[in-house]
Amino acid sequence: MNIKIPVSWLREYLKTDAAAKTIARELSLAGPSVERTEKRGEDYIFDIEVTTNRPDAFSVFGIAREANAILNFVGNKSKLQPPVGMDLNLEPDTKEKLALDVKVANPILCPRFTAIILSNIKIGPSPAYIKNRLEAVGIRAINNIVDITNYIMMETGNPMHAFDYDKILGAKMVLRASKTGEKLTTLDGKNYNLPEGSIVIEDQKRLIDLCGIMGGENSQITRRTKRAIFFVQAYDPKTIRRTTQTLAVRTEAAARFEKGIDLENILPVLSRAVYLAKKNAGAQIASELVDIYPKKQVSKTVTLNSVKLDKYLGIKIEPSKAAQILRLLGFKVETDIARLTAVAPAWRAQDIKEDVDLIEEIARIYGYHNLPSTLPEGQIPQRPDGILKDVIALKNSLKVLGLTEAMSYSIISKAMLNGSQVDPKDAVELQNPLTEEWQFMRPSLIPSLVDVVAKNQNLKQDIAIFEIAKTYIKRKDALPQQDLWLTIVKTGNDFYEIKGLTENILQILKRNVTFQKETRENRIFQKDESAIVNVEGQEVGTLGLLSHTLTDSFGINIQLLSLELNLTKVFGLKTTQKGFKPLSKYPPQIEDISAIFATQTPVTMITEEIKKASHLVKNVEVTDIFESEKIGKGKKSITLRITYQKSTGTPETEEVREARDKIIKMLQKEFLAQVRV
Amino acid sequence: MDNIKKLREEAETKILSAQNLEDLNKLYIEIFGKNSALANLTKNLSSLPPESRRQAGANINQAKQDLEKLYQTKRVSLVTNRKSTQIDVTAPGKKQQLGHLHLVSQAIEEIVEIFSKLGFSLQSYPEVDWDWYAFEALNMPKGHPARDDWETFFVDAPQNPKYGRQVLTPHTSNGQVREMEAVKTPPIRMINISRCYRRQIDVSHTPMFHQFEGLLVDKKVSITDLKGTFDFFTKTFFGPNRITRLRPHHFRFTEPSFEVDVTCGVCAGRGCRLCKEGWLELGGSGMVHPKVLEAGKIDPKTYTGFAFGWGIERTIAMKTELPDIRLLYQNDIRFLEQF
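Chains as they are written, first to last, in this note's numbering: chain A, 58 to 734; chain B, 98 to 436.
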């Protein structure tokens, strides 16, 4: 949360010679950060970030209090001057005392309730300094009474409210939780259907306040107001927060109430408000003080061991120094040789709970910038890297193979989900999506990458992209399956191209790969132009030509090739161990055999049989496959490069001929091949 | 004199008409060899009258040099199989097709590299995780604002009686307690990089982003170690002239908590439009809260630790001065191919 503070206002409570720049620097280093300083006329405006655990600093006085402690510690002269009028004796000024019948139904909703009635009010404009200061922090001045409530909130951090006493029916106030169906019009003219359990105040007949958020229109201060109720409270932060969320309202008051209010400061704040009302509007106290405070706020007593303090800070801190810091911050401190015991000031009662909280206070005021910088000692853990390390290496290889990395959202729309092979029932759906565009966790990367191609198809002809990311599949009574996948999508129509790329990739990953025809129905790949990728007999992915149904649905009219590879599986399977094989001393004989086979004959079957046909065959490579009308329908010509080798000498011409004859006979017999020599 | 001219013309014709390297090699002996016509002319120089000897010698040498040059040029042309023997060094080379890595991946690689040197290993944890790991174990009890439906995405799945709802991790800190459970006994030095999700989309936020997280737990870990680690990182990642500072901040799972700032690269810390008084926020950090150590079954009396984390996108924007973070996920090929 950020707060704007005019430095001139700050100086009303912070009596120091330190320049605005110095204050800003020291505050940022040891307390709330001054994110920007803006010069406005003779004044400066600080824009300060206050963390959510420090509502006590979310005000001009709160910042002054912090700055005072910090400046004093670093040796700048500084004194804190609290606002005037915080300790008035709130006795009635008038003879005739007005009545107010207050009931707090549940003290958990409102741990402290104070109110006082003021009469003889003369509504008019506020003094110039109040108007100017409110304007400087972005609040519109309205009249002297309303302005006091806003001014007090900015000054002390404690929101307050003023009702027109004459509009409270029956001079009665019941603070309670709202019931279903209750409605209220707030003073900005908006109508709300209140969620059940919001904190409200009801007079004799109707709701008059949406507590902690905004007052009701029906009880607001107007130009004609003569008598007012000043009203300072604290509320249950969670309840306030729930209401602001449900109603989607944000107010300065709610922002403070939902962080927590110092209960001990409530009465001083009311006193200060009355002081200003007397001064600015001629008000008189016309009732007894109402103060319902059943459970007094207590600060915890926390003990800090000095060994622990030194261990955290990495240097030795004298207990007297630590105590000095805490005292500057308002703590009550006792020290002995080994430890210090501290009680937080009332304004930190909700924030200081254990010894590490004290360590933070001491360390920040001492100054993190004053601590040395060291590298961690100790042993380096013997912990192997996870697969992401391998993924980094793989990405670099893919880049060298000519692929460009894309990164797309893991949350997809229903339409995109339909572009995957997964049954929508198995998809991980969000309970609270932002929009329909982001509704499901994707079970496949293919639709996302096809979408990327679609978006770029007019920019570039040949696109070859990949992405590595997790996919999500629902599992019963468990977290979703979250495997890491590599997906490639590229323009092209040659099955063998994507197959070759896949072989390259698995060679880089040092895994043995085999391929198998896809026989299942598949909406994503063209069944006849795709294959299943297997490593160590386990299915790890699919590759091939993407289906027209899919590309059409993205408005793409060119062919796309794709590979999807489950890296979680692949990295879990064993790598190929390549041992040393002695190099043959004798050169091999290499020959080509071309033959015509039936189209459906698998090439691996042919090469495997050739290897078995003669012990001289050391290697068989397929160098060419083609089909043509000349050869005939349903036929293909294959050129096989055969390496004949022996360990005892170069194979003799006669030996090679023998082996070749065996191979040719085998091909003719087993495959009905027509050998073309 | 005429002899030289004639010889030279003949040799030129022969060289130029050579069809292949083999022919050209044969010509070498013929033209420049010991018994070549040129060599013979040199030998016969002494038979010339002394007054013309000098001039003739110079002419022979010139012819020899010119032929040698022509021979070399022809050789290059035969080797390279190119008509023109001129190369244009500014003309494009014939390249292999190279791809491009995403900026986010490049940053991840650099970050991992830097922390590897300090002994941190790279781990990975679920992106859809239990409430327990994402919040409860991190000292963010029920009712904490980050656990609201309007800040964090929840999965439409039944609650687990022990671990609660399934959430899209809004930070990488779910890895902290998971790492403690995996390692059991410190030391721990872990880096976790993951996609994270928050329910916000505007000019500077995308609902998905990358965060990286570091966790170090050991017997003697102090704030000074955290400072040293950041200094090491910043100088390696952003450059030797950049410095870091810690500012007080607040996170539920660390105490004390800090915001880490780096001096602005644009104004070198003097203060400019892009930074806050000369500093840029890098990310959050702090000393691991004792409750978090307890949740990971590590005794906070014996062990302390620090943790830090921040958005990768932010560091990229800081380093490259990328004007709009959303560009990273629009996948415009012209953008992707820039890096």
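C-beta atoms are modelled at their ideal positions from N, C-alpha and C, and glycine is treated no differently.
Asked, Found
"Return the bridge partner residues of Q290 (chain A) from the DSSP annotation.", "A:F170"
"Is it the case that the stretch 107-114 of chain A contacts the stretch 154-167 of chain A, given that we only count it when at least three CB pairs across the two stretches are under 8 Å?", "no"
"Would you please state the rounded distance, in angstroms, between the beta carbons of L121 (chain B) and K171 (chain B)? I believe it to be under 8 Å.", "6 Å"
"Need the endpoints of the alpha helix (DSSP H) that D120 (chain B) sits in, please.", "118-129"
"For the beta strand (DSSP E) holding T632 (chain A), just list the boundary residues, first then last.", "Counting along the chain, T632 (chain A) falls outside any beta strand (DSSP E), and DSSP gives it neither H nor E."
"Taking C-beta to C-beta, are A285 (chain A) and L175 (chain A) nearer than 7 Å?", "yes"
"Could you please tell me which residues of the stretch 104-124 of chain B, in chain order, have their CB closer than 8 Å to any CB of chain A?", "none"
"What does G196 (chain B) reach in chain D if we use C-beta pairs closer than 9 Å?", "In the structure shown, chain D does not exist; the protein chains are A and B."
"In the DSSP output, which residue or residues are listed as bridge partners for G272 (chain A)?", "A:D266"
"From the DSSP output, which residues share a beta bridge with C293 (chain B)?", "B:F306"
"From the DSSP secondary-structure annotation, give me the bridge partner or partners of N362 (chain A).", "A:R396"
"Mind listing the chain A neighbours of D429 (chain B)? Cutoff is C-beta to C-beta under 8 Å, in chain order.", "K512, N513, L516"
"Does the distance from the CB of S477 (chain A) to the CB of S505 (chain A) come in under 7 Å?", "no"
"Along chain B, in chain order, which residues have C-beta atoms closer than 8 Å to that of V413 (chain A)?", "E352, P353, M384, H386, P387"
"If I follow the unbroken alpha helix (DSSP H) through K136 (chain A), where does it start and stop?", "K136 (chain A) -> not in any alpha helix (DSSP H); beta strand (DSSP E) instead, spanning 135-137."
"Can you name the start and end residues of the alpha helix (DSSP H) that H605 (chain A) belongs to?", "605-610"
"Are the Cβ atoms of I285 (chain B) and F217 (chain B) separated by less than 7 Å?", "no"
"I'd like to know whether the C-beta atoms of T171 (chain A) and V364 (chain A) end up nearer to each other than 7 Å.", "no"
"Taking all protein chains shown into account, do 16 or more other C-beta atoms lie within 10 angstroms of the C-beta of C369 (chain B), making it buried, or fewer, making it exposed?", "exposed"
"Using a Cβ-Cβ distance cut-off of 7 Å, determine whether L128 (chain A) contacts chain B.", "no"
"Are the C-beta atoms of I413 (chain B) and some chain A residue less than 7 Å apart?", "no"
"Does any residue of chain A have a CB that is nearer than 7 Å to the CB of V173 (chain B)?", "no"
"According to the neighbour-count rule (16 or more other Cβ atoms, all chains shown, within 10 Å of its Cβ), is R532 (chain A) buried or exposed?", "exposed"
"Reducing DSSP to helix, strand and coil, say where S328 (chain A) ends up.", "helix"
"Quick one: what's D226 (chain B) bridged to in DSSP?", "B:V264"
"At the 7 Å Cβ level, is I449 (chain A) part of the contact set with chain B, yes or no?", "yes"
"For I720 (chain A), which residues in the same chain have their Cβ closer than 8 Å to its Cβ, ignoring the five residues on either side in sequence?", "I650, I667, A670, S671, V674, I699"
"Nearest-angstrom Cα distance between E417 (chain A) and Y400 (chain B)?", "17 Å"
"Less than 7 Å separating the beta-carbons of F327 (chain B) and G408 (chain B)?", "no"
"Could you name each continuous alpha helix (DSSP H) segment of 4 residues or more that falls completely within the stretch 149-225 of chain B, going from the start of the chain to the end?", "200-214"
"To the nearest angstrom, report how far apart E192 (chain A) and L304 (chain A) are at their CA atoms.", "27 Å"
"Can you find the residues in the same chain that come closer than 7 Å, C-beta to C-beta, to K567 (chain A), ignoring five residues on each side of it along the sequence?", "T632, T633"
"Please list the partners that R292 (chain B) has in chain A, where partner means a Cβ-to-Cβ separation under 8 Å.", "S467, A526, K527"
"Would you say I288 (chain B) faces chain A, with C-beta separation under 7 Å as the test?", "no"
"In the DSSP output, what is P63 (chain A) paired with across the bridge?", "A:I102"
"Beta-carbon within less than 7 Å of K224 (chain A)'s beta-carbon, same chain only, minus the 5 sequence neighbours each way: which residues are those?", "N275, S276"
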